[in-house]
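What follows is a single structure, written as structure tokens, with notes after it.
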Amino acid sequence: MTEFVHYDTVGSFLRPKDLKEARKNYFDNHSISKDQYLAILHKDIDAVVKKQKDLGLKIVTDGEFSRTDFADSTISSFSGVDVPRNQHSIVPFHHQRRKLPALRLVGKIAFNPAESKDLRDFNYLKKVAKKYHVTPRQSVSAPVNTFCFLFSQPANRKALKKYYPNFDDFIHDFCSAYHQLFLSLYKAGCRDIKIDDPAFTGLNDVHAWPFITGGLFGRDQAKRVFITLTNGALKDLPSDLRLSTHLCRGNNGSDWLYSGGYDYIADAVFAKENVGSFFLEYDDKRSGGFEPLKYVPKGKKVVLGLVTSKRPELEKPADLIKRIHEASKYVPLKDLALSPQCGFASTEQGNHLTEQQQWAKIKLVIDTAKKVWG
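Quick note on numbering: full-length UniProt numbering labels position 86 of the sequence shown as 86, and the sequence is numbered without any gaps.
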């Protein structure tokens, strides 16, 4: 297992122009073959892994280049869940309402390795990471996130009663499917999994949480159910599998979804979630203060997302260093790290900055971390 590194990334990167064109020509226009599309995809994954290595990153991702959005590779891993074409869920981001895939519950939930894009994508990333002598990380949409994608839809709340008259049976199957996904990734050679969980963070927002829970629960009950889902999926995984969770506030085309600090969920997520590291969003005043970090157990790591991925302007290193030391009042400096607050392309459209500006952000993270930790 790679030692804890004091600089990191959340994992998604802006798609190169040729990849965007290839995706459109393959998936929409049907004007190129699958082999032609994969040749471009694999070339660009090789290039983005090499770029991460050249900048000095020890843990790398595939940039999420094969995904439409951060969650679709995980959703594909489960039978009982369908993603109908041309059907969307309307999500109220801050500046505009945005379309996201509409999931449908169509049967019992089970892990389906033959269809798992997470497993497929990791198997390719593993080969590229080995070539460059770096550690591959697989980012997975969190159990809570998939749960909320499902049950924000009224039709799925009705389907739940059809397929799972006993809600405990649903929790069992859902957690088991996720657990098998994690074990399959481990058996494929993955030793670093990050779960992306903006939905759990949404409970902090007093205006957003009813939408997140879909009316199934009150806020306090949702918090209990969410930690049960998460830890049920993470239960009894191998000790040499590094697990982390990323808790942002939604990120789509430089827009955001939720506001509020981590105060409301800290006693559940920080104190109880069975992961070793927390990637946290702290790039603006919406994120609240560092006081909730007092719930982080001794020895667990906190990766401070102080550098925004939503805007091109570079933060001042002195300001970042000051905030790192402010956070160290709650978590020892040796257990802290620095990263961007989120990925640069949680959806294939990406945020409003250039690739050059994106890599300047990563260089800023690395250079600043070296000033703090050496």
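Each residue gets a CB set at the ideal place from its N, CA and C atoms; glycine is no exception. Small disclaimer: the values here were computed from a predicted structure and weren't measured.
Distance from the CA of T354 to the CA of W373, rounded to the nearest whole angstrom, comes to 29 Å. Taking all protein chains shown into account, N166 has fewer than 16 neighbouring C-beta atoms within 10 Å of its C-beta and is therefore exposed. Ranking F217, S239, V269, T228 by CA distance to the CA of T245 puts V269 first. One Cα belongs to D192, the other to K117, and the distance between them is close to 17 Å. Only buried fits G63, as 16 or more other CB atoms lie within 10 angstroms of its CB. If you ignore the 5 residues before and after L234, its C-beta comes within less than 6 Å of the C-beta of N274, all in its own chain and listed in chain order. Assignment of alpha helix (DSSP H) within the stretch 35-76, counting only whole runs of 4 or more residues, yields 72-75 in chain order. In the structure shown, the three-state DSSP call for R242 is strand.
Going by DSSP, G80 is part of the beta strand (DSSP E) stretching over 78-82. In the three-state DSSP reduction, Q221 falls in the helix class (H, G or I). One alpha carbon belongs to D220, the other to V206, and they sit about 12 Å apart.
For K58 against V5, the beta-carbon gap comes to about 5 Å, under 8 Å, which counts as contact. When rounded, the separation of the alpha-carbon atoms in D236 and Y124 is 26 Å. In this structure D197 touches A142 by the C-beta definition: roughly 4 Å separates them, less than 8 Å. Here P340 is bridged, per DSSP, to V307.
Between A318 and Y295, the CB-CB gap reaches or exceeds 7 Å. Annotated as proximal: A22 and I40, with beta-carbon spacing under 7 Å.
Bridge pairing for D192: R242 [DSSP].
With contacts defined as CB atoms closer than 7 Å, F290 and E326 qualify as a contacting pair. Looking at the backbone, the Cα of L216 and that of I366 are separated by about 43 Å.
Judged by DSSP secondary structure, V128 falls within the alpha helix (DSSP H) whose first and last residues are 117-132.
For the pair of segments examined, the stretch 125-133 was found not to touch the stretch 65-79: the number of CB pairs separated by less than 8 Å stays below three. The DSSP-derived three-state label of K108 is strand. When C-alpha distances from K187 are compared across F122, A199, V225, Q153, the shortest belongs to F122.
L247 sits in a strand when the DSSP states are folded into three classes.
Of the residues assessed, K194 falls on the buried side of the cut-off, its CB having 16 or more other CB atoms within 10 angstroms.
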